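See structure below.
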Amino acid sequence: MNLLKLYDDLYQKYGPQGWWPLLETGYQKLDFSYPKNQTQSFEIALGAILTQNTAWLNVEKTLNNLKNQELLLPEKILAAPDKVLQNAIRSSGYYNQKLKKIKIFTTFFLSLKNRTPARNELLNLWGIGPETADSILLYAYKIPSFVIDAYTKRLLINLYGADKIPQNYHDLKNLFETNLPADYELFQEYHALIVANGKLVNLKTYKPVLPKVNRSDQSV
DNA sequence: AGCCAGGCTACCG
DNA sequence: CGGTAGCATGGC
Numbered sequence: 055m056n057l058l059k060l061y062d063d064l065y066q067k068y069g070p071q072g073w074w075p076l077l078e079t080g081y082q083k084l085d086f087s088y089p090k091n092q093t094q095s096f097e098i099a100l101g102a103i104l105t106q107n108t109a110w111l112n113v114e115k116t117l118n119n120l121k122n123q124e125l126l127l128p129e130k131i132l133a134a135p136d137k138v139l140q141n142a143i144r145s146s147g148y149y150n151q152k153l154k155k156i157k158i159f160t161t162f163f164l165s166l167k168n169r170t171p172a173r174n175e176l177l178n179l180w181g182i183g184p185e186t187a188d189s190i191l192l193y194a195y196k197i198p199s200f201v202i203d204a205y206t207k208r209l210l211i212n213l214y215g216a217d218k219i220p221q222n223y224h225d226l227k228n229l230f231e232t233n234l235p236a237d238y239e240l241f242q243e244y245h246a247l248i249v250a251n252g253k254l255v256n257l258k259t260y261k262p263v264l265p266k267v268n269r270s271d272q273s274v
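Heads up: the first sequence begins at 55 in my numbering, then just goes up one per residue.
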């Protein structure tokens with residue numbers, strides 16, 4: 055199983071993804087100078103929490119709501135009334151849970167005082183599981199921690215067969231990390247490409263939904 | 001008009 | 001402990 059070749063195939067098909075999509079930049083040509091500061095790292099982490107089982111478009115609305123009220127800063131989040139935050143979060147769904155998750159994370163974020171968190175510290179927070187922790191490490195802190203999601207697992211099952219690949223998060227993560235150079239830029243784009251591919255395939259049936267572009271491209 | 005989205009926790013047997 | 005219901009909204 056050549057995971058570097060798989061990366062090349064995905065890249066050939068979908069091109070550079072330019073993750074993470076910050077409000078300021080959106081998806082962009084590859085520019086690994088972002089995040090440029092702690093404020094942008096914080097925005098990425100909130101986005102990672104908000105997008106749990108939620109479409110990114112709905113998350114963007116929440117981030118814009120917060121930004122427009124000048125609340126997209128850790129100190130402001132903690133000072134804001136619950137009702138205001140719930141209304142801002144509403145478009146992302148699960149607004150009761152996500153309010154709690156965001157407050158817990160924000161308190162932790164401030165306690166770091168610009169230090170990079172350890173993976174276990176993130177996992178110990180209520181509301182942060184392995185995928186969210188790895189997304190925060192990889193995109194907010196540029197740590198080469200490979201992100202596994204439902205798309206990743208499904209793609210490997212499709213390509214190699216369910217009996218050939220590990221099924222749990224930890225082993226899947228390890229599969230990528232032991233077969234790739236520990237390069238955060240590679241990991242960032244790889245995960246983004248898997249998501250780009252995954253969005254074109256129905257999650258339950260594995261059947262492709264109608265591609266929006268490039269029907270003639272070879273499928274991956 | 002359903003189905004689904006870049007999960008996680010709590011609870012069930 | 002492995003499996004899964006519940007959490008909520010908006011786009012297609």
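Even for Gly, the Cβ is constructed at its ideal location relative to N, Cα and C.
As the structure is a prediction and not an experimental result, all values here were calculated from the model.
**Item:** Coarse secondary structure for residue 213, derived from DSSP in three states
**Value:** Residue state, collapsed to three classes: helix.
**Asked** When DSSP labels each residue in this structure, what does residue 77 get in the three-state scheme?
**Response** Coil.
**Asked** Cα-Cα, which of 115, 147, 209, 131 is closest to residue 108?
**Response** Among 115, 147, 209, 131, the Cα nearest to that of residue 108 belongs to 147.
**Anticipated Cβ contact below 8 Å, residue 185 with residue 202, distance rounded** = About 6 Å separates the two Cβ atoms, so the contact holds.
**Request:** Decide if the stretch 63-71 is in contact with the stretch 114-123; the criterion is three or more beta carbon pairs, one per stretch, under 8 Å apart.
**Result:** No contact exists between the stretch 63-71 and the stretch 114-123.
**Asked** When DSSP labels each residue in this structure, what does residue 138 get in the three-state scheme?
**Response** Residue 138 carries a helical assignment under DSSP once its states are collapsed to helix, strand and coil.
**Buried or exposed by the 16-neighbour rule on C-beta atoms within 10 Å, applied to residue 224** = Per the 10 Å Cβ criterion, exposed.
**Exposure label - residue 244; buried when at least 16 CB within 10 Å** = Burial call: buried.
**Prompt:** Which residues mark the beginning and the end of the alpha helix (DSSP H) in which residue 147 is found?
**Reply:** It is not in any alpha helix (DSSP H) - residue 147 carries neither H nor E in the DSSP assignment.
**Request:** Return the chain-ordered list of same chain residues with a C-beta closer than 8 Å to the C-beta of residue 132, the five sequence neighbours on each side being excluded.
**Result:** The answer, listed in chain order, is 157, 160, 161, 164.
**Message:** Tell me the rounded alpha-carbon separation between residue 220 and residue 106.
**Reply:** Going from the Cα of residue 220 to the Cα of residue 106 covers about 23 Å.
**Prompt:** If you check the beta carbons only, do residue 194 and residue 70 fall under 8 Å apart?
**Reply:** No.
**Item:** Collapsed DSSP secondary structure at residue 113 in the structure displayed
**Value:** Residue 113: helix per DSSP, three-state reduction.
**Prompt:** With a Cβ-Cβ cutoff of 8 Å, do residue 209 and residue 252 count as a contact?
**Reply:** Yes, Cβ-Cβ distance for residue 209 and residue 252 is below 8 Å.
**Reduced DSSP secondary structure (H/G/I, E/B, other) of residue 201** = Reduced to three states, the DSSP call for residue 201 is coil.
**Request:** Tell me whether residue 87 is buried or exposed, calling it buried when 16 or more other Cβ atoms sit within 10 Å of its Cβ.
**Result:** By the 10 Å Cβ count, residue 87 comes out exposed.
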